[in-house]
Each structure stands twice: as C-alpha cells, then as structure tokens.
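Asks: Numbered by numbering that gives the first Met the number 0, the letters in the sequence shown go through residues 0 to 121 in order.
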Amino acid sequence: MTTSQQQLGAFGEDIAASHYSSRGGVILERNFRYPNGEIDIIVQEPDGTVVFVEVKTRRGESFGGAEAVGRSKMARIKKAAALWLRGKPYFNLRFDVLVVQMDAFTGEVEIDSYEGVDHGAR
Numbered sequence: 000m001t002t003s004q005q006q007l008g009a010f011g012e013d014i015a016a017s018h019y020s021s022r023g024g025v026i027l028e029r030n031f032r033y034p035n036g037e038i039d040i041i042v043q044e045p046d047g048t049v050v051f052v053e054v055k056t057r058r059g060e061s062f063g064g065a066e067a068v069g070r071s072k073m074a075r076i077k078k079a080a081a082l083w084l085r086g087k088p089y090f091n092l093r094f095d096v097l098v099v100q101m102d103a104f105t106g107e108v109e110i111d112s113y114e115g116v117d118h119g120a121r
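In structure tokens form, the structure reads like this:
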C-alpha cells in the first residue's frame with residue numbers, strides 16, 4: 000500500500016471514528032492487528048453493543064467501497080473479533096461496514112453506513 004493510500008485510509012478511519020463518537024459511542028480500539036489483517040475500529044455504543052467496523056475510503060466515484068467487503072473478508076473480521084473478545088464480557092455484537100466517499104474535486108465527504116452486516120456489504 001502506498002503512503003497516499005495509507006493517508007486516505009487513516010483519513011476515512013478518523014471520519015468513521017467521529018461518526019460513531021458523535022452518536023455517543025466510545026472507541027475501544029483502532030487498528031486491532033491479528034495474523035490475517037486488522038479490524039479498523041472497535042466501538043461500544045451507548046446501549047453496550049460492541050461494533051466491529053470495517054472502513055472503506057474512496058476518492059471520487061471509484062468502485063470498491065462496500066463491494067470490497069464480501070463473505071471472505073467478513074469471515075476474517077469475525078475471526079479477529081473472536082480473538083479480541085477473549086476474556087472480555089461483551090455479549091451484544093454487531094459488524095458494520097462504513098464507506099467514506101470523498102469528492103476528488105470539492106473534498107466533500109459522504110458516509111454510507113451498513114449496519115449489522117453478517118456476510119459482507121454487497
């Protein structure tokens with residue numbers, strides 16, 4: 000991954016974290032790394048639900064936001080969630096995909112949230 004792609008991804012993750020925080024969520028962890036990848040954001044909502052968030056950030060109208068999160072990606076995220084949950088007393092869980100779309104010309108940001116995604120956002 001190039002530096003500009005990493006910066007774009009970090010920008011999207013910051014937007015996503017702000018999105019959940021503005022709704023009263025508490026960010027428990029960011030960029031939880033595990034052997035096959037990472038979970039971008041882990042947040043606890045006001046009702047106690049722990050949400051594992053996959054963030055996809057795109058510049059312009061490019062393909063691959065929600066479409067990039069299919070069954071195999073969700074399976075990896077669920078394995079990582081199981082690792083993170085070891086020894087933690089959380090019972091209400093949810094898996095979300097949050098797409099941050101940035102207009103390449105104006106810099107305006109649009110957020111598409113897919114909540115409760117079990118098998119991918121496609």
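All C-beta atoms, glycine included, are put in the ideal place defined by N, C-alpha and C. From a predicted model like this one, the values you see are computed outputs, not experimental measurements.
1. Could you tell me which residues DSSP puts in a beta bridge with Phe-31?
2. Could you pull the DSSP bridge partners for Gln-4 from this structure?
3. Measuring only from the beta carbon, is Arg-22 closer than 6 angstroms to any heavy atom that is part of the ligand NAD?
4. Would you report the Cα separation of Phe-10 and Phe-51, rounded to the nearest angstrom?
5. So, for Val-42: in the same chain, excluding its five sequence neighbours on each side, which residues have a beta-carbon less than 7 angstroms away from its beta-carbon?
6. Per DSSP, Ser-112 forms a beta bridge with which residues?
7. Which same chain residues, not among the five before or five after Pro-45, have their C-beta less than 6 angstroms away from its C-beta?
8. DSSP three-state label for Arg-22, please.
Replies: Reading it off the structure:
1. Ile-38
2. Bridge partners of Gln-4: none, in fact.
3. No copy of the ligand NAD occurs in the structure displayed, which carries no ligand at all.
4. 18 angstroms
5. Tyr-19, Gly-24, Val-25, Ile-26, Leu-27, Val-50 and Val-52
6. Leu-97
7. Gly-23
8. coil
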